[in-house]
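Student: A single structure is presented below for examination.
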Amino acid sequence: MDILLQHRSIRKYKSDAVSDEMLNEILEAGTRASTTGNMQLYSVVVTRDAASKARLAPLHFNQGMVTQAPVFLTVCADLNRFNRWCELRQADAGYDNLLWVVNGIIDASLFAQNICIAAESKGLGICYLGTPLYNAPEIIEALNLPKGVIPVTAISLGYPDHEPGLTDRLPLSAIVHHETYRENTDERINDMYREKEALESSAQFVAENGKQNLAQVFTDVRYKKADNLYFSEKLLKTIREQGFNM
40 MDILLQHRSI
50 RKYKSDAVSD
60 EMLNEILEAG
70 TRASTTGNMQ
80 LYSVVVTRDA
90 ASKARLAPLH
100 FNQGMVTQAP
110 VFLTVCADLN
120 RFNRWCELRQ
130 ADAGYDNLLW
140 VVNGIIDASL
150 FAQNICIAAE
160 SKGLGICYLG
170 TPLYNAPEII
180 EALNLPKGVI
190 PVTAISLGYP
200 DHEPGLTDRL
210 PLSAIVHHET
220 YRENTDERIN
230 DMYREKEALE
240 SSAQFVAENG
250 KQNLAQVFTD
260 VRYKKADNLY
270 FSEKLLKTIR
280 EQGFNM
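For what it's worth, the numbering used here labels the leading residue of the sequence shown as 40, then goes sequentially.
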């Protein structure tokens, strides 16, 4: 519980190496995550080589932790392995559709979260990167991912070189609904976001970006509609090119 409640995203790392033994133990813990039908619809590409990380960095918008962390993991939804097994056993696989893309993404996400918790239990720091979904075709090419494999998330991993504060979260009352979903009235929304909007960091984001409120920072600066549409079309095209009927 302490590990979960004290989670921080680590973006600066010491140069200390992570041993093969420790990394393998962490990855083994990842495989103990829940998985669809015990099919383990995921794979991970481990990148340690400095030159390889440098080649990946632009695909992750040159975020510093890509090259600074001693270990960089690309976690993928992987239907290729299971489909190949079915093919070799004369079993007619029907796993090339939306349902199994979603199942693979869920499996990969659970695997990734177990990895993160295991790493933090060893005193390591981690940071999730959502960029694989933005630049999936480029990452597929860089990592030589076959048909049926889609990069879902990436994780930088190493010994922390800073100790950031805890990131704010919405109150539990905003997240939990009992028995049925409770309507998000204007009053409830204002109550949910009041504390977040009152943070000094939020006020700084608003001022730096010349916006009227924090919501506009998200919609107009961080995750713009035009960008969302562009990357959505790019991702859908990639999923189809990876052999899924969408």
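Glycine included, C-beta positions come from ideal geometry on N, C-alpha and C.
Would a C-beta distance cut-off of 8 Å place ILE194 and ILE145 closer than the cut-off?
Tutor: No, they are not a contact pair.
Student: Could you name the residues that DSSP lists as bridge partners for TYR198?
Tutor: None; TYR198 has no bridge partner.
Student: Under a three-way DSSP split, which group does ALA116 fall into?
Tutor: Strand at ALA116.
Student: Judging by CA-CA distance, which residue of LEU138, SER54 and SER82 is the nearest neighbour of ASN284?
Tutor: For the set LEU138, SER54 and SER82, the Cα lying nearest the Cα of ASN284 is the one of LEU138.
Student: Can you give me the start and stop residues for the beta strand (DSSP E) that ILE49 sits inside?
Tutor: Following the DSSP letters along the chain, one finds ILE49 in no beta strand (DSSP E), marked with neither H nor E.
Student: Measuring only the C-alpha atoms, how far is ALA72 from TYR269?
Tutor: Rounded to the nearest angstrom, the gap between the Cα atoms of ALA72 and TYR269 is 33 Å.
Student: Where do the N-terminal and C-terminal ends of the beta strand (DSSP E) with THR86 fall, by residue?
Tutor: 81-86
Student: Out of PRO109, ARG227, SER91 and TYR81, which has the shortest C-alpha to C-alpha gap to PRO199?
Tutor: Ranking the options by Cα distance to PRO199, first place goes to PRO109.
Student: Could you have a look at GLY143 and say whether DSSP puts it in helix, strand or coil?
Tutor: If DSSP states are grouped into helix, strand and coil, GLY143 belongs with the helices.
Student: Let me check you understand the geometry: is the CB of ALA254 closer than 7 Å to at least one non-hydrogen atom of the ligand ADP?
Tutor: Absence of the ligand ADP is noted for the structure shown, with no ligands found whatsoever.
Student: If we ignore side chains and look at the alpha-carbon of each, how far apart do PRO176 and LEU274 end up?
Tutor: In a straight line, the C-alpha of PRO176 is about 8 Å away from that of LEU274.
Student: Anyone know if the C-beta pair for GLU250 and ASP207 falls short of 8 Å?
Tutor: At residue 250 the sequence reads Lys, which differs from the Glu that was named. It is not a contact, given that the beta carbons lie outside the stated cut-off.
Student: If we ignore side chains and look at the alpha-carbon of each, how far apart do TYR220 and ALA213 end up?
Tutor: 11 Å
Student: What is the rounded straight-line gap between the Cα of LYS53 and the Cα of GLU222?
Tutor: 46 Å
Student: Considering TYR167, what are the terminal residues of the beta strand (DSSP E) in which it resides?
Tutor: 164-168
Student: Span of the alpha helix (DSSP H) holding MET231?
Tutor: 225-237
Student: Spell out the partners DSSP gives PRO176 in its beta bridges.
Tutor: DSSP, once it has assigned bridges, lists no residue as partnering PRO176.
Student: Distance check for GLN281 and VAL191, CA to CA, integer angstroms please.
Tutor: 13 Å
Student: Tell me whether ASN248 is buried or exposed, calling it buried when 16 or more other Cβ atoms sit within 10 Å of its Cβ.
Tutor: exposed
Student: From what residue to what residue does the alpha helix (DSSP H) around LEU205 run?
Tutor: It is not in any alpha helix (DSSP H) - LEU205 carries neither H nor E in the DSSP assignment.
Student: Which residue marks the beginning of the alpha helix (DSSP H) containing THR74, and which one marks its end?
Tutor: Premise fails: THR74 is in no alpha helix (DSSP H) and is neither H nor E.
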